[in-house]
Every structure is written in structure tokens, then in C-alpha cells.
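Numbering-wise, the sequence shown is residues 1 to 127 according to this note's numbering.
Backbone N, C-alpha and C fix where the C-beta goes; we use that ideal spot for every residue, glycine too.
To keep things clear, I will list the structure first and then write my remarks on it.
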Amino acid sequence: MSDEHFSSQANGNRRDRIVLFSAMLSRSDKGVCKTELMYKVGLSSVQFDRYIPVLVGCGLLQVFNRGKRAVYMTTEKGRRFVDKYGTLVKLLELGINDNPAWIQTANTVLASHLPRRSEPNNSNHPF
């Protein structure tokens, strides 16, 4: 996913949580420390502290220690999320009227990252 996509989403407005998640995951692919990730994505410490537990809890991001520093790295599931998010963006750019099948694809992609109905409800889980 290009930097232009993430920066154009902001336009001085609030960015959507899914856009932030995708940006955080794509910037963490090789492992980054907190400060680097916050700088690369343009996050405040409040946003970082709010979203990291969500990404870790969903299995999209892992945290490990490198010396005294925490390092954040995208998991395989997180890479799939970024790829699927990129596919959704491309489908949306084609236009809803030009490609009505995007709705079915979007539902399938998003459903693959939601907890199954039979799974217990985790009150900390945002989905």
C-alpha cells in the first residue's frame, strides 16, 4: 500500500480506524519500535495505546522485546489483512456502479477477520 494512499486519507480530517490499522500493519512488517511506528503513521501516543492492544488481540500484530525495547511486527494474519484491505481499496476505486460484485467481495474479506459467532464475546474486542 502506498504512502500516498494513507496520507490522502487524512486530508486534515480524522482517519478511519481501518485505514489506521492498515497503515500500522504495513509499517510494522519488518518490526519497528513504538516511536518509529508512531512517526511513520502519524499517531499520537493516545491513539497508539488505544490501537496496539486491538491489533495484538486480533492476532494481526505481535510484540516482542529486543533488549529493553518493545518491537512491533506484523503477523502473517496481519499481512493478509493489509493485502485484503488493498484489494478492497482497488475495488472501491473502480466504482460501485462499475463493479457491483465488490459488495460480495467486501463482505467476504471483512468477515474473515471477525470473530465467529460461536466464539465467546471479548468485551475488549472492537468488532
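| query | result |
| --- | --- |
| Candidates K77, V63 and G59: which alpha carbon is nearest V32's? | V63 |
| Based on the DSSP output, what are the partners of V71 in its beta bridges? | C33 and F64 |
| How many whole angstroms separate the CB atoms of L20 and V41, which I take to be in contact at a CB cut-off of 8 Å? | 7 Å |
| Which word fits A23, buried or exposed, when buried means at least 16 other C-beta atoms lie within 10 angstroms of its C-beta? | buried |
| In this structure, how does DSSP classify D83 when only helix, strand and coil are distinguished? | helix |
| Cα separation between I52 and V89? | 23 Å |
| Whose C-beta lies closer than 6 Å to the C-beta of D29 among residues of the same chain, with five residues either side of it excluded? | T74 |
| Am I right that L37 and R27 are in contact with their C-beta atoms under 8 Å? What's the rounded C-beta distance? | 6 Å |
| To the nearest angstrom, how far is the alpha carbon of Q9 from that of R17? | With a pLDDT of 42 at Q9, under the threshold of 50, the modelled position of that residue is not reliable, and no figure is offered here. |
| Quick one: what does DSSP say L55 is sitting in, helix, strand or coil? | helix |
| For Y85, which residues from the same chain have a beta carbon less than 6 Å from its beta carbon, with the 5 sequence-adjacent residues on both sides left out? | S22 |
| According to DSSP, simplified to helix, strand and coil, what is D16? | coil |
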